[in-house]
Each structure stands twice: as C-alpha cells, then as structure tokens.
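Read the structure below first, then the notes.
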Amino acid sequence: MKNIIKKRVLVTGGAGFLGSFLCERLLADGCDVICMDNFFTGRKANIAHLMDNPYFELMRHDVTFPFYVEVDEIYNLACPASPVHYQFDPVQTTKTSVHGAINVLGLAKRVKAKVLQASTSEVYGDPSVHPQPESYWGNVNPIGIRSCYDEGKRCAETLFFDYWRQHQVRIKVVRIFNTYGPRMHPHDGRVVSNFIMQALRGEDITIYGDGKQTRSFCYCSDLIEGWIRLMATGDDVTGPINIGNPGEFTMIELAENVIELTNSKSQLIFEPLPADDPKQRKPDITLAKEKLGWEPTVPLREGLAKTIEYFDGLLKERNA
Ligand code: NAD
Ligand code: UDP
Ligand code: UDP
Numbered sequence: 001m002k003n004i005i006k007k008r009v010l011v012t013g014g015a016g017f018l019g020s021f022l023c024e025r026l027l028a029d030g031c032d033v034i035c036m037d038n039f040f041t042g043r044k045a046n047i048a049h050l051m052d053n054p055y056f057e058l059m060r061h062d063v064t065f066p067f068y069v070e071v072d073e074i075y076n077l078a079c080p081a082s083p084v085h086y087q088f089d090p091v092q093t094t095k096t097s098v099h100g101a102i103n104v105l106g107l108a109k110r111v112k113a114k115v116l117q118a119s120t121s122e123v124y125g126d127p128s129v130h131p132q133p134e135s136y137w138g139n140v141n142p143i144g145i146r147s148c149y150d151e152g153k154r155c156a157e158t159l160f161f162d163y164w165r166q167h168q169v170r171i172k173v174v175r176i177f178n179t180y181g182p183r184m185h186p187h188d189g190r191v192v193s194n195f196i197m198q199a200l201r202g203e204d205i206t207i208y209g210d211g212k213q214t215r216s217f218c219y220c221s222d223l224i225e226g227w228i229r230l231m232a233t234g235d236d237v238t239g240p241i242n243i244g245n246p247g248e249f250t251m252i253e254l255a256e257n258v259i260e261l262t263n264s265k266s267q268l269i270f271e272p273l274p275a276d277d278p279k280q281r282k283p284d285i286t287l288a289k290e291k292l293g294w295e296p297t298v299p300l301r302e303g304l305a306k307t308i309e310y311f312d313g314l315l316k317e318r319n320a
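Okay, here's the thing in structure tokens:
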C-alpha cells in the first residue's frame with residue numbers, strides 16, 4: 001500500500017498576501033496545511049478558493065497566545081508587513097513578532113518540527129553597506145516609528161538562534177526583501193500597491209521624498225520557491241539567508257514603469273519622506289545561490305503586469 005501520510009504544515013499569517021500563495025503551493029506539493037490567522041491584515045478572499053480542499057484547515061487565532069497542534073513544519077509569517085499597518089498598533093506589532101516567535105518556537109521544540117521565520121531586510125535598517133550581505137549587522141533606530149517592526153523582527157531572529165543553540169530547535173531564518181504581486185492589500189500603503197491603484201484610477205502618484213531612494217522588488221512566486229527550497233535543506237542550514245531580487249530601482253523609475261504599463265495619464269507629485277525611510281536597499285543573494293541554487297526569474301515589468309491585472313480586476317469587480 002502506498003504511504004498516504006502527508007506532511008503536516010502550519011502557516012501562521014496564512015491568509016495574508018504571501019501566506020495564501022504559500023498555502024496554495026504546499027497543498028499542490030501534497031501537504032496537509034493548517035492556516036492560522038487573526039485576520040488583522042489577511043483576508044478570507046485570499047484563501048476562499050482553498051476552503052473546499054480537505055487538506056486545508058483554517059484556524060482563527062492570534063499568534064501571541066499559545067496554541068497546540070501537531071505538525072512537521074512551521075512557517076511563521078504572522079505579522080503586518082506594510083508600514084501603515086504595522087504602525088497602526090505598534091505595541092501589538094512588537095508583541096506579534098516577539099511573543100509569536102516564542103510560541104512557534106515552543107511548539108517546534110515540543111513536536112520537534114522544523115520552523116521557518118519570515119524575517120526581513122528591515123533588520124538592516126538604513127544600511128551603510130550596499131548591497132546587503134547576511135553578515136551585515138544593520139543600522140537600525142531602536143526608538144523610531146519603524147522600530148516596532150524592525151526591532152521586533154530582530155528580536156525574533158535572536159530567539160530563533162537561542163532556541164537553536166539552547167534547545168536544538170531546527171530553525172530556518174529568511175530575510176525577505178520587498179516582495180509584490182497579486183493579493184497585496186489594495187490599501188496597505190506599500191509603494192507597489194499605491195502606485196498601481198493610483199495609476200489605474202488616474203490619480204496623482206505619490207512619491208515620498210525626492211523619489212531617488214531605491215528598493216529591489218521580488219515577485220511573489222520567486223520568493224515562495226526560495227522558502228520551499230530553504231525548508232527542504234538539512235538541519236545544518238539555519239540561515240539567516242537573503243531572498244530577494246537584486247534588480248534595484250528608484251521610486252521614480254518604479255512610477256514610470258507603472259504609468260507606462262497601465263497607459264495612465266497620472267502625474268507624479270512629491271510628498272514628505274516618512275521618518276527613518278531607508279535610502280537604499282538591494283540584497284546580496286550569493287548565499288541563496290550557493291545553498292539553495294535559487295535566484296529570481298521574474299523581471300520587474302513582467303511581475304508588475306501580472307499585479308496590475310489583479311488590481312484592475314478588483315476595481316472592475318467593485319464598479320460592476
Ligand atoms: P500581510 O500583512 O499580507 O500578511 C500578514 C498576515 O499575518 C496577515 O494575514 C495577518 O492577518 C496575519 N497576522 C498579523 N498579526 C497576526 C497575529 N498576531 N496573529 C495571527 N496572524 C496575524 O503581509 P505579507 O506581505 O504577506 O507578509 C508576510 C510575512 O512576510 C510577514 O511576516 C512580513 O513581515 C514578512 N515580509 C514581507 C515582505 C514583503 O515585502 N511582502 C518583506 C519582508 C518581510
Ligand atoms: N507553546 C505553545 N504551544 C506548544 C508548546 C509551547 O504555544 O505546543 C508556548 C508556551 O505556552 C510557552 C512558549 O511556547 O509560552 C515557549 O515554550 P517553551 O517550552 O520554550 O517555554 P516554557 O513553556 O518552558 O515557558
Ligand atoms: N513610497 C512612495 N510612495 C508611496 C508609498 C511608498 O514613494 O505611495 C516609498 C517609501 O517612502 C519607501 C519606498 O517607497 O521609500 C518603499 O516603501 P514601502 O512602504 O513599500 O516599503 P519599505 O519602506 O518598507 O521598503
């Protein structure tokens with residue numbers, strides 16, 4: 001008889017933008033998936049198409065409170081990712097990263113599961129080393145308006161490495177650089193969703209600061225592939241490991257691409273730069289290439305076109 005025992009995987013934050021794609025991918029790979037989410041920024045619409053799958057289970061729960069499930073692998077994604085959302089209730093943001101990490105690590109320790117932490121390029125802060133390798137310790141303001149996210153994620157990394165050293169928990173830490181794609185929240189305030197929504201509505205495109213700051217944008221499917229490969233590595237590969245697309249663009253270049261791809265008549269307007277906004281960001285992905293054989297495959301314009309199609313569909317649905 002064929003072995004029909006499936007791998008059981010917990011995804012915290014599974015109803016969010018990236019979590020929903022991860023749940024989809026894990027189901028396609030033959031896993032039994034538990035999606036846990038408190039729906040702070042996640043949406044049922046993101047996972048509605050998975051609800052009929054007998055191997056998909058939804059759990060409404062806040063990761064800051066303990067929970068008991070029996071699983072083989074855990075992806076810890078629960079945490080708002082957009083500055084507008086994580087600054088809405090900063091104390092809760094820190095609790096989510098720190099108490100959330102303690103709970104998933106306690107769970108992983110008890111059931112001997114592998115556990116992956118969705119960390120971030122924000123641990124590098126406003127970097128003085130460019131591009132950023134994993135060995136760079138970062139330049140982070142501990143008391144600013146972004147600190148709840150940056151320092152919360154840094155503390156989560158500390159907890160992951162202490163549970164690994166102290167309790168031999170099987171950890172994987174991935175530092176994610178700006179990732180975009182369909183299912184981003186249309187009002188989450190991140191630059192890609194803002195620019196596309198503004199361009200599609202013919203509204204002014206809001207450039208913060210002089211627009212010369214840079215970011216590197218990774219398409220969601222590339223990122224998920226990197227996570228899956230990292231989870232599949234042996235216990236000696238803990239990370240931290242950067243996953244991102246090294247293509248680097250200024251915000252003005254991004255706006256110009258969006259305007260061109262949407263055939264929009266939108267104009268650029270300049271607004272004040274938020275505090276502590278990093279001036280440049282680009283991943284050094286040498287380690288991901290070496291350890292995972294991974295590199296991104298979707299160029300910015302191709303990914304933007306797919307994302308524009310998604311937001312265009314959303315707007316048409318609303319106007320129908
Ligand atoms: P998202 O906001 O769409 O998803 C986060 C999910 O976590 C949402 O479904 C939200 O409801 C859930 N959540 C928040 N607080 C929770 C709590 N206390 N308990 C349970 N669930 C909770 O964001 P995303 O872009 O999908 O990001 C997913 C993860 O990847 C986050 O941890 C984020 O920090 C990390 N990340 C994302 C990016 C990016 O560019 N998208 C970059 C770096 C890191
Ligand atoms: N925890 C959990 N689920 C589990 C096991 C632990 O949520 O299956 C939580 C537990 O409530 C604790 C945290 O994880 O607060 C850390 O667990 P650990 O065993 O490291 O610490 P302790 O229980 O000794 O405080
Ligand atoms: N940004 C912008 N206009 C917007 C939203 C964001 O110019 O409408 C800028 C923002 O100041 C930052 C960059 O775009 O320099 C990326 O912002 P986002 O919030 O997407 O991500 P993060 O700053 O966390 O990398």
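Residue numbers (the UniProt record's numbering): 1 to 320.
Where a beta carbon is used, it is the ideal one built from N, C-alpha and C, also for glycine.
- In the three-state reduction of the DSSP assignment, D162 falls in the helix class, which pools H, G and I.
- Annotation for F270: the continuous beta strand (DSSP E) segment containing it runs L268 to E271.
- The nearest non-hydrogen atom of ligand 3 is less than 6 Å from the C-beta of M251.
- A Cβ-Cβ distance of about 18 Å is found for the pair I308 and D204, leaving them out of contact under the 8 Å criterion.
- Counting only runs of 4 or more residues that sit fully inside the stretch 100-179, the alpha helix (DSSP H) segments are 147-167, in chain order.
- Per DSSP, E70 lies in no beta strand (DSSP E) segment and is marked neither H nor E.
- For I171, the shortest C-beta to heavy atom distance toward ligand 2 is 6 Å or greater.
- Per DSSP, the unbroken alpha helix (DSSP H) holding E253 starts and ends at M251 to T262.
- In terms of Cα proximity to V115, the closest of G303, T238 and G247 is T238.
- DSSP, read as helix, strand or coil, puts M184 in coil.
- Going by beta carbons, R175 and P240 fall inside the 7 Å limit.
- Within the model, the alpha-carbon separation for C218 versus V69 is close to 32 Å.
- Here C23 really is in contact with L50; their C-beta atoms are around 6 Å apart, less than 8 Å.
- Taking E271 as reference, the option from V63, A288, I252 and G181 with the minimal CA-CA separation is I252.
- Counting other Cβ atoms within 10 Å of its Cβ, A288 reaches 16 or more and is therefore classed as buried.
- Membership of S20 in any beta strand (DSSP E) is not indicated; the residue belongs instead to the alpha helix (DSSP H) covering F17 to A28.
- Annotation for V11: the continuous beta strand (DSSP E) segment containing it runs R8 to T12.
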